[in-house]
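Below is one structure, written out as structure tokens; comments come after it.
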Amino acid sequence: MQYHIWTIGCQMNVADSRRTAAGLERLGYTPAARAEDADVIILNTCVVRQQPEDKAVGRLNQLRRVKERHPERILALMGCMVGVKETAALQARFPWVDVFLPPSDPTELWALLAERGHLDEAQTLIADAEARRLALGRADTILPPSEQASIVSAHLPIVLGCSHACTYCVIPYRRGAERSRPPAAILAEARQMVAQGVKEITLLGQIVDRYGYDLPEFAGAAETPLVTLLRQMHEIEGLERLRFLTSHPNWMTDDLLRAVAELPKVCEHIEVPIQAGADEVLARMRRGYTVDDYRRLVARLRETIPGVSIATDIIVGFPGETEAQFRHTYELLAELKLDKAHIARYSPRPQTVATRTMTDDVPQEEKERRRKALDDLQAAVLEELNARYLGQTVAVLVEGRHVRQKRWFGRTRTERLVFFPAEGNWLGRLAQVKITWTGPWSLIGEIIR
Ligand code: SF4
């Protein structure tokens, strides 16, 4: 029996897919490289923008033929396309799909597999999923055995959903209201991951810095709950690196910044989206801060955390964004010289405030022009920033080997991708690499030890 999971979208989806794969492997399934060969096919979807949604619909239409030829096979649609209460409309639109799974919740799949004969093990998975939903702190299998030897860096969701409701964003409608997972459950899963060979864990949340404010464990606590969790995670023996994302400018407390600076395992890399460089656009996006607030945050980060690298997200062509407002974003990006910028064109998403109340009035070609201008600018910024690595020796956590190029690759603490040639097996090791070439997207070096 074989399974195939197709995943698109954010790291939360990647983590959900791995957990679901782990459950399937507990039931005796093995991974299939092609969906067409699998008995259970799962599409884990994203609807943050139109493009990933279109891709998922394209895959669904292709798989319709597979289902027609092999009706006994199970096709599951998972993730943000399903959302928390979208099932009826989807059932009508895609009647060849057997089961619809909301984000982070494969329970219905386990129930279907129980019906199809995997009764005992599937019931255990249902109990695990239920315990997880009720936040009882059970640690279910989180990495599929087939991948355990190769996963060096894993993602661990700690906050599910989001209650911020930025006007462009569909996440709160699809992943539900914000809720934190109890620290005991997170720590148990982290220990299990490390026992399975993971060296680096990235804690995930839509606003990860809001972790724990809704949990009784942290009521009246003197320090930021995420700081307490980072300290506890830091104690895990065998864990080499710790990261967290995504941050929101309004929730980055001073003690959190100090913890990043002080805890050696916590990497000096922060992902904190600005989304736009003009106050009027930020207000219409309902982000809750101004451009100057963000400037001050960048200054605080650089002051408190030596050598910090900062990543951001930007949306161009938000409704009503004028050329002058776009220029402010361009100039801000040139001024701040951040270490990574993910630039996306705005696309209206169902249910959101922007879709319901604003006109998508920036033409597609103009959005693309703005996106490309920022991308080109960021490439030049990165060329300059990365050139500073030339001749330096950096610690690289090795994540894999590029077979064709015959080079190992991994990341620095600041999230730079580094390639280096070396004999032997470097997977999962911390390599000291002297940088001999730099470009905007990666570095190349030679191994020192
Ligand atoms: S903070 Fe805003 S952009 Fe991020 S998930 Fe929540 S609503 Fe979406």
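Throughout, my numbering is defined as the position within the sequence shown, counted from one, plus 1.
Every residue gets a Cβ at the ideal spot worked out from N, C-alpha and C, and that includes glycine.
Treat the numbers as computed from the prediction; the structure is a model and nothing was measured.
What do you reckon, is the C-beta of residue i under 8 Å from a heavy atom of ligand 1?
i, result
"T247", "yes"
"Q193", "no"
"H165", "yes"
"I172", "yes"
"I1", "Absent from the structure is residue 1, since the part of the chain shown begins at 2 and ends at 450."
"P307", "no"
"R288", "yes"
"P441", "no"
"P274", "yes"
"Q379", "no"
"Y169", "yes"
"Q12", "no"
"I208", "yes"
What are the boundary residues of the alpha helix (DSSP H) that includes residue i?
i, result
"V67", "51-70"
"V299", "292-305"
"R287", "Taken as a continuous stretch (DSSP letters only), R287 belongs to no alpha helix (DSSP H), as it is neither H nor E."
"D106", "Neither: D106 is in no alpha helix (DSSP H) and is coded neither H nor E."
"Q12", "12-27"
"V228", "226-235"
"D362", "Per DSSP, D362 belongs to no alpha helix (DSSP H) and is neither H nor E."
"E324", "324-337"
"Y174", "172-176"
"Q92", "88-94"
"V261", "255-263"
"Q352", "First-last for Q352: undefined, no H or E at that position."
"A185", "184-196"
Measuring alpha carbon to alpha carbon, tell me which of the options ends up nearest residue i.
i, options, result
"I275", "D256, I237, D255, H249", "H249"
"A345", "L28, P53, A22, M2", "P53"
"R285", "C47, A262, I316", "I316"
"I271", "T254, K200, A277, V282", "T254"
"A33", "E148, T88, E385, V15", "E148"
"C167", "L157, I208, S181, W442", "I208"
"T31", "M2, T291, L375", "M2"
"P441", "R417, R402, T225", "R417"
"F319", "E69, R371, R70", "R371"
"I449", "V48, D314, Q352, P422", "P422"
"L257", "Q197, R211, G289", "R211"
"T225", "A196, V199, D38, V261", "V261"
"V419", "W427, W409, G84, A223", "W409"
"R288", "H165, G392, A388", "H165"
"A39", "P72, R259, T313, E366", "P72"
"I202", "E369, P183, I159", "I159"
"H5", "V58, R35, R27, G29", "R35"
"Q197", "R182, R175, P146, W7", "P146"
"Q51", "P96, L161, T356", "T356"
"K368", "T353, P349, T358, G24", "P349"
"L204", "L246, N387, H235, G321", "L246"
"I9", "Y347, L25, R60", "R60"
"Q1", "K341, R175, P184, Y290", "The displayed coordinates of the chain run from 2 to 450. Any statement about residue 1 would go beyond what the structure contains."
"K68", "P96, K56, L91", "P96"
"C170", "P351, T437, K407", "P351"
Taking the beta strand (DSSP E) that residue i belongs to, which residues open and close that run?
i, result
"F420", "418-421"
"A396", "394-403"
"I202", "201-205"
"E272", "270-272"
"E447", "444-448"
"L79", "Looking at the sequence shown, residue 79 is not Leu but Met. Unbroken beta strand (DSSP E) run through M79: 75-80."
"R412", "408-412"
"N45", "41-46"
Assuming residue i contacts residue j (C-beta within less than 8 Å), just tell me the rounded distance between them.
i, j, result
"Y390", "L431", "Rounded, the Cβ-Cβ distance is 17 Å, inconsistent with contact."
"I311", "L339", "5 Å"
"L264", "L231", "6 Å"
"C81", "P104", "6 Å"
"I187", "L157", "6 Å"
Just checking, does the segment 408-426 make contact with the segment 377-384 on the three C-beta pairs under 8 Å criterion?
-> The segment 408-426 vs the segment 377-384: no contact.
Spell out a yes or no on whether the segment 390-407 and the segment 354-368 are touching, meaning 3 or more CB-CB pairs, one atom from each, closer than 8 Å.
-> no
Count the C-beta pairs between the segment 237-257 and the segment 292-306 that are closer than 8 Å, then say yes if the count reaches three, no if not.
-> yes
For the segment 320-329 against the segment 141-160, are there 3 or more C-beta pairs whose distance is under 8 Å?
-> no
With a cut-off of 8 Å, do at least 3 Cβ pairs link the segment 209-218 to the segment 234-244?
-> no
How about the segment 179-194 and the segment 98-118: do they share at least three Cβ pairs that are nearer than 8 Å?
-> no
Any contact of the segment 34-48 with the segment 59-77, i.e. 3+ C-beta pairs under 8 Å?
-> yes
Three-pair Cβ contact test at 8 Å for the segment 149-157 versus the segment 15-23 | yes
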